[in-house]
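See structure below.
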Amino acid sequence: MPPRSPISRRRGCSNHHGSIAPPWSTPTSSIHPSTCGSTASSTSCGAADVASAPTAVGSPLYVDSSALLRRYVRAPGSALVLDTMRRHPDWCASTLCRTETQLALRRASAYAEQQQRLWSALQADWDAFWVVPLDGRALARATELGAAFGLRTIDALHLASADRLPRPAAYLTFDRRQIPAAAALGLEVVSPVED
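Residues in the sequence shown are numbered from 5 upward in steps of one, following the working numbering.
Following this line, the structure appears as structure tokens:
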């Protein structure tokens, strides 16, 4: 297997995973109505999902934007995201993920202060991510994966980025189009979505 290219470390501080509470956990936060009862596992979302979370705590966790968004906006599967990220010490994402998540948070925000609070929470977490660059090698691999699996460009870019991680590695996504390709790449898929 050829060596995987370096991934830049964004950590600006010691390992603080889980120290930042989800924005909806504070009383001043008014994100969209939730189908989840709390940030912990609940019967409406997350209870069954948490059981499917990987147990290999030492392996890197690639988080795609469909999953990362659920860290900040309560939605079905938010408990799975919080639990999985809490149990994995090394978070990884493509440079694309931050932009994609920021724009989704902008669309989810009802007012400017809410958007700023969500963006600040994302930035605080982002500093703890290992960031996979979208360089020529990643773009070439995305083309290969897109052609082989019939993926959309953005999905192929996420998977090409995740493919650069050392194995074993987990892949957290809520996008069913990515699941077969992620599994074929030898990534442990963490998702409540059926393949």
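Even glycine gets a Cβ: it sits at the ideal position worked out from N, Cα and C. No experiment lies behind these values; they were computed from the predicted model shown.
Query	Result
For the alpha helix (DSSP H) that V85 lies in, which residues bound it at each end?	S82 to R91
Under the three-state reduction of DSSP, which class applies to E192: helix, strand or coil?	strand
Give the straight-line distance between the Cα atoms of S82 and R75, rounded to the nearest whole angstrom.	6 Å
For a test of the three-state rule: what should DSSP assign to A132, helix, strand or coil?	coil
Check whether the region 61-68 touches the region 169-186, counting contact only when three or more Cβ pairs, one atom from each stretch, lie closer than 8 Å.	yes
Ignoring anything shorter than 3 residues, give me the beta strand (DSSP E) runs that lie fully in the region 99-152, in order along the chain.	133-136
For the putative contact between S69 and C101, defined by C-beta atoms under 8 Å, what is the C-beta separation to the nearest angstrom?	5 Å
Evaluate contact between the region 135-144 and the region 108-125, counting only Cβ atoms and requiring at least three cross-stretch pairs below 8 Å.	no
Can you tell me whether DSSP reads A173 as helix, strand or coil?	coil
Within the same chain, show all residues whose beta-carbon is closer than 7 Å to that of V197, passing over the 5 residues directly before and after it, in chain order.	F178, R180 and I183
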